[in-house]
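Residue numbers are given in the UniProt record's numbering: position 37 of the sequence shown equals residue 37, and the series is strictly consecutive.
Beta carbons: idealized from backbone N, C-alpha and C, even for Gly.
Single-structure report; data block below.
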Amino acid sequence: MRRLTDPSVETTGNDERAECPYCESTNTEREHPKGPSLCRSMHYCHNCNQPFEKFE
Ligand SMILES: [Zn+2]
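So, in structure tokens, the structure goes:
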């Protein structure tokens with residue numbers, strides 16, 4: 001797992017960025033889950049415009 005610091009990415013304290021499994025981009029946004037899914041989180045990739053789940 002890489003931890004690259006992109007200087008163009010603002011660090012607003014929201015460190016919930018997940019890596020997109022499709023394009024490996026970290027230009028993603030965490031979405032609120034629709035149900036009580038405690039072991040996974042929903043994310044949305046702005047790079048390939050696809051939602052994906054991240055299991056934790
Ligand atoms: Zn993507």
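- Task: Report buried or exposed for C48, applying the criterion of at least 16 other Cβ atoms within 10 angstroms of its Cβ.
- Result: For the purposes of this step, residue 48 is taken as residue 48 along the sequence shown, with counting starting at 1. With fewer than 16 other Cβ atoms within 10 Å, it is exposed.
- Does DSSP classify N49 as helix, strand or coil? In the sequence shown, residue 49 corresponds to position 49, counting from 1. Coil at N49, not helix or strand.
- Please report how far the alpha carbon of E24 lies from the alpha carbon of F52, in whole angstroms. Against the sequence shown, residue 24 aligns to sequence position 24. Against the sequence shown, residue 52 aligns to sequence position 52. The alpha-carbon atoms of E24 and F52 are separated by roughly 12 Å.
- Item | beta strand (DSSP E) segment containing R17, residue limits | Taking the first residue of the sequence shown as position 1, residue 17 is located at position 17. Element bounds for R17: n/a, residue is neither H nor E.
- Item | Check: S25 C-beta below 8 Å from any heavy atom of ligand 1 | Taking the first residue of the sequence shown as position 1, residue 25 is located at position 25. Distances between the C-beta of S25 and the heavy atoms of ligand 1 include at least one below 8 Å.
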